[in-house]
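Protein chains in written order, with numbering that gives the first Met the number 0: chain A, 0 to 338; chain B, 0 to 338. Where a beta carbon is used, it is the ideal one built from N, C-alpha and C, also for glycine. No experiment lies behind these values; they were computed from the predicted model shown. Here's the structure we're looking at; comments come further down.
Protein chains: 2
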Amino acid sequence: MSRNATLKKIAEQLNLSISTVSRALKNHPDISETTKRKVKELATLIDYEPNLLAVQLRTQKSHILGLIVPSISNMFNDSFIAAAEKEARSRGYSLLILQSGEDPVCEVENLKLCKLLRVDGIFLSVVSETRCFDFYEKLREAGIPLIFFDRIPIQDNYNAFRPIHSVCMADEESAILAATTVLKYKKKNVLALFGNEKLSITQIRKHAFEKGIKKNKEKITLTIAHCTNTEEAYNVVFQACRSFQNPDLIFCMSDELLMGAMKSIQQLQLKIPEDLSVLAISNGIIPHLFHPVITYIETSGVELAKLAVSRMMELIEHPQAEEKSILLPARLVAGGSLR
Amino acid sequence: MSRNATLKKIAEQLNLSISTVSRALKNHPDISETTKRKVKELATLIDYEPNLLAVQLRTQKSHILGLIVPSISNMFNDSFIAAAEKEARSRGYSLLILQSGEDPVCEVENLKLCKLLRVDGIFLSVVSETRCFDFYEKLREAGIPLIFFDRIPIQDNYNAFRPIHSVCMADEESAILAATTVLKYKKKNVLALFGNEKLSITQIRKHAFEKGIKKNKEKITLTIAHCTNTEEAYNVVFQACRSFQNPDLIFCMSDELLMGAMKSIQQLQLKIPEDLSVLAISNGIIPHLFHPVITYIETSGVELAKLAVSRMMELIEHPQAEEKSILLPARLVAGGSLR
DNA sequence: GTTACCAATGCAAACATTTGCGGCAAGGTT
DNA sequence: AACCTTGCCGCAAATGTTTGCATTGGTAAC
Numbered sequence: 000m001s002r003n004a005t006l007k008k009i010a011e012q013l014n015l016s017i018s019t020v021s022r023a024l025k026n027h028p029d030i031s032e033t034t035k036r037k038v039k040e041l042a043t044l045i046d047y048e049p050n051l052l053a054v055q056l057r058t059q060k061s062h063i064l065g066l067i068v069p070s071i072s073n074m075f076n077d078s079f080i081a082a083a084e085k086e087a088r089s090r091g092y093s094l095l096i097l098q099s100g101e102d103p104v105c106e107v108e109n110l111k112l113c114k115l116l117r118v119d120g121i122f123l124s125v126v127s128e129t130r131c132f133d134f135y136e137k138l139r140e141a142g143i144p145l146i147f148f149d150r151i152p153i154q155d156n157y158n159a160f161r162p163i164h165s166v167c168m169a170d171e172e173s174a175i176l177a178a179t180t181v182l183k184y185k186k187k188n189v190l191a192l193f194g195n196e197k198l199s200i201t202q203i204r205k206h207a208f209e210k211g212i213k214k215n216k217e218k219i220t221l222t223i224a225h226c227t228n229t230e231e232a233y234n235v236v237f238q239a240c241r242s243f244q245n246p247d248l249i250f251c252m253s254d255e256l257l258m259g260a261m262k263s264i265q266q267l268q269l270k271i272p273e274d275l276s277v278l279a280i281s282n283g284i285i286p287h288l289f290h291p292v293i294t295y296i297e298t299s300g301v302e303l304a305k306l307a308v309s310r311m312m313e314l315i316e317h318p319q320a321e322e323k324s325i326l327l328p329a330r331l332v333a334g335g336s337l338r
Numbered sequence: 000m001s002r003n004a005t006l007k008k009i010a011e012q013l014n015l016s017i018s019t020v021s022r023a024l025k026n027h028p029d030i031s032e033t034t035k036r037k038v039k040e041l042a043t044l045i046d047y048e049p050n051l052l053a054v055q056l057r058t059q060k061s062h063i064l065g066l067i068v069p070s071i072s073n074m075f076n077d078s079f080i081a082a083a084e085k086e087a088r089s090r091g092y093s094l095l096i097l098q099s100g101e102d103p104v105c106e107v108e109n110l111k112l113c114k115l116l117r118v119d120g121i122f123l124s125v126v127s128e129t130r131c132f133d134f135y136e137k138l139r140e141a142g143i144p145l146i147f148f149d150r151i152p153i154q155d156n157y158n159a160f161r162p163i164h165s166v167c168m169a170d171e172e173s174a175i176l177a178a179t180t181v182l183k184y185k186k187k188n189v190l191a192l193f194g195n196e197k198l199s200i201t202q203i204r205k206h207a208f209e210k211g212i213k214k215n216k217e218k219i220t221l222t223i224a225h226c227t228n229t230e231e232a233y234n235v236v237f238q239a240c241r242s243f244q245n246p247d248l249i250f251c252m253s254d255e256l257l258m259g260a261m262k263s264i265q266q267l268q269l270k271i272p273e274d275l276s277v278l279a280i281s282n283g284i285i286p287h288l289f290h291p292v293i294t295y296i297e298t299s300g301v302e303l304a305k306l307a308v309s310r311m312m313e314l315i316e317h318p319q320a321e322e323k324s325i326l327l328p329a330r331l332v333a334g335g336s337l338r
């Protein structure tokens, strides 16, 4: 029946002051052992639990981290989120997850909500077009650390001078690794699928891949296609394989695109790797759904999340720490889709 | 420089009392129009935003909903979570997401955390073995609505009398639909893959499927296997197809199992539906990765989430509402994997 | 016998807001 | 003139903690 035990009730029962009770429960050295014992006994007896809302108000800390993504149901994001939740919790933080759904307005609203709720830090994967730094500045003023992950704002001439905290896969390195892998197998006719052209991740990967391929002396035909979803990838590959193009290797920069590509390949009854080689950048789930396993360059949401959370802890302790872009190196996971 | 605008500061500037300012911002009828105007002007000028922590403490409402799942990165859960977040937000609520990772202890800790944070309601998908009702009772006492979804506690003899709020797919109906579909195609040698035997969802689906199949007069060989993950499903199907069994249809009760089964099928170079028919219960992503598309019975996390959130809103308004189990009917989505 | 110090505890402000109740004028009614 | 509205506003309590600064009583040092 002790519906809401408070410090006050304990204090009254024991003829102590609220402050003494508070300190006793926290093992404050000022309080005598006997008092501590009595307080703790009564506390457990009446099932006392501190009211976190009051604690938060007093300390101005919520022990909650905000996490904003365009969409939760996305191969990469959900592995990141799952890992981030686990990491955060092990450090006493909870995760408040919000979706922006590719809408920049909604993204700002989400940021505002995080600020209103006094979250202790924010992880943000920006929606495609975002480029507005106004609100980021407000957060900085409010002392709320903001870490970009995976998708970061495009750094063009206008904002190149505003440094940010970020944690990303080493996209350039991944794409170069992909290109050198292609060269190693001496492929001549490559179809490369990239995502939304407006995303920095797309631009970086594309440039690096192109550069890597063109470095080769021999002649390689490289066809590049931009597909924003699985369906488009399916169509592009279907057309390419039925036409005179006949690529000998298909490269997909993401799981979504790989899914579309594979469906076309199955439909056309092309054999991997006999008829066609496949290479992808992936977080490692989708490639294992097929036989042979698709060779891929791993971008681990799990590892990235660990990095992000530990960086966040640093920033919470030292809010003035200098902006830093952290890159997580990629590695090649060999399947059987290359020959 | 208005680092933290408060009601107090506005009040001081305007020589008003805090309460008047508070009411003015809320359009309270007691306040004159001129005062309201002045207050609102200054409020926007100095960028006032109410401190939600204080509001929460005062009103004892956090406007946050807790959502606890065994794991976020799971085909079904992430679609549910994504939809729930969207629905909740449209009603002014945010989602605090926690993972229990198949650990009953962790599940209780998560529930406790939700209680401490004074969430306004909790969605819970239980981990396998959970059967303890002690804490649920505490939540009821604290007036925090608890809605089970997808995975609900097993209702055995001991707790059959404790009603709960729940929102689930119509599992029995889905399985019966699966069975009648199998019968329609006159299959004789069926391999059926089910998940963790301890889950209610598994038990219900298995019983209904078995019953549906055995209703048939003609002789059907039904082999049932329990697999707790993709890997196990892969192995079971591999063994079965290479042995003398040679099933003519494989039924998978979940996406995870389907993924494993399909990998074996590809590896063995079996043609669907010529060599083998496939039927699954799925939320609709995985079946579309293959060609032909796998025929499946749809369990929509999105629809379920909508139901769950609207039910939660009812419970928040009427906490004493009677316990009710809501079932969402399933439908057959025809692909090309049956013949 | 004053001073000093220590351990143990209490006071009260602060966090920012909401809200019941009461005050106080101005104007209208008996 | 006494009374009652009514419109506008402020007081103060309440939400549950945390924490800097007293306050006590006791004991040891000088």
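Using a Cβ-Cβ cut-off of 7 angstroms, state whether A10(A) counts as contacting chain B.
no
Of all the CB atoms in chain B, is at least one closer than 7 angstroms to the CB of S21(A)?
no
Report the three-state DSSP secondary structure of V166(B) (helix, strand or coil).
strand
Tell me which residues of the stretch 262 to 279 of chain A have at least one Cβ-Cβ distance to chain B shorter than 7 angstroms, keeping chain order.
K262, Q265 and Q266
Pick helix, strand or coil for C105(A), following the three-state DSSP scheme.
helix
Interface residues of chain B facing S72(A) [CB-CB closer than 8 angstroms]
D77, S78, I80 and A81
Say whether chain A places a C-beta atom closer than 7 angstroms to the C-beta of I293(B).
no
Is I264(B) helix, strand or coil by DSSP?
helix
Using the beta-carbon count (16 or more within 10 Å), is G91(A) buried or exposed?
exposed
Less than 8 angstroms between the CB atoms is what I'm expecting for I69(A) and E101(A), so what's the real figure, rounded?
Per the sequence presented here, residue 69(A) reads as Pro, with Ile not at that position. Between E101(A) and P69(A) the Cβ distance is about 5 angstroms, and since that is below 8 angstroms, they are a contact.
Compile a chain-ordered list of the residues in the stretch 79 to 103 of chain B whose CB is closer than 8 angstroms to at least one CB of chain A.
Listed by position along the chain: I80, A81, E84, K85, R88, S93, L94, L95, I96, L97, Q98 and G100.
Along chain A, which residues have their Cβ under 8 angstroms away from the Cβ of M258(B)?
In chain order: L288.
Going by DSSP, name the residue or residues bridged to F148(A).
V166(A)
Would you tell me roughly how many angstroms separate the C-alpha atoms of K213(B) and T229(A), rounded to the nearest one?
Rounded to whole angstroms, K213(B) to T229(A) spans 40 angstroms at the Cα level.
To the nearest angstrom, how far is it from the Cα of V166(B) to the Cα of S324(B)?
6 angstroms
When E172(B), L13(B), H164(B) and H317(B) are compared against R330(B), the one with the closest alpha-carbon:
E172(B)
Thinking C-alpha only, which one of L13(B), N3(B), E48(B) and N14(B) is nearest K25(B)?
E48(B)
Per DSSP, the bridge partner or partners of C251(A)
L192(A) and A279(A)
Quick one: give me the first and last residue of the beta strand (DSSP E) that G65(A) is part of.
I63 to V68
Residues of chain B with CB closer than 8 angstroms to the CB of R117(A), please, in chain order.
N50, L51 and L52
Under 7 angstroms between C-beta atoms, does L337(A) make it to chain B?
Taking a beta-carbon distance threshold of 7 angstroms, L337(A) does not count as an interface residue toward chain B.
How big is the Cα-Cα spacing for R117(A) and I96(A)?
14 angstroms
Burial state of G334(B) (16 or more Cβ within 10 Å)
By the neighbour-count rule (16 or more Cβ atoms within 10 Å), G334(B) is buried.
Which residues of chain A have a Cβ atom closer than 7 angstroms to the Cβ of Q55(B), listed in chain order?
Going along chain A in sequence order, the residues near Q55(B) (Cβ under 7 angstroms) are L52.
What distance in whole Å lies between the Cβ atoms of K187(A) and Q98(B), which are believed to be in contact at a cut-off of 8 angstroms?
47 angstroms between Cβ atoms; not a contact.
If you drop the 5 nearest sequence neighbours on each side, which residues of the same chain put their C-beta closer than 6 angstroms to that of I293(B)?
V277, A279, P286, G334 and S336
Starting from the beta carbon of L15(B), find every residue of chain A whose beta carbon is closer than 7 angstroms, and list them in chain order.
The contacting residues do not exist; L15(B) stays about 23 angstroms from chain A at best.
Would F237(A) and S263(A) qualify as a contact pair, given that the criterion is a beta-carbon distance under 7 angstroms?
The Cβ-Cβ distance between F237(A) and S263(A) falls below 7 angstroms.
I'd like the list of long-range same chain contacts for K35(B), defined as Cβ closer than 6 angstroms, with 5 residues on each side in sequence excluded.
A23
Endpoints, the alpha helix (DSSP H) within which Y135(B) is located
D133 to A141
Segments assigned alpha helix (DSSP H), at least 4 residues, entirely inside the stretch 198 to 224 of chain A
199 to 213
Identify whether Y233(B) lies in helix, strand or coil by the three-state DSSP scheme.
helix
Using DSSP with H/G/I as helix, E/B as strand and the rest coil, what is R285(A)?
According to the sequence as given, residue 285(A) is Ile; it is not Arg. Collapsing the DSSP output to three states places I285(A) in a helix.
Status (buried if at least 16 other CB within 10 Å, exposed otherwise) for N282(B)
Label assigned to N282(B): buried.
Thinking C-alpha only, which one of A232(B), K185(B) and S21(B) is nearest L41(B)?
S21(B)
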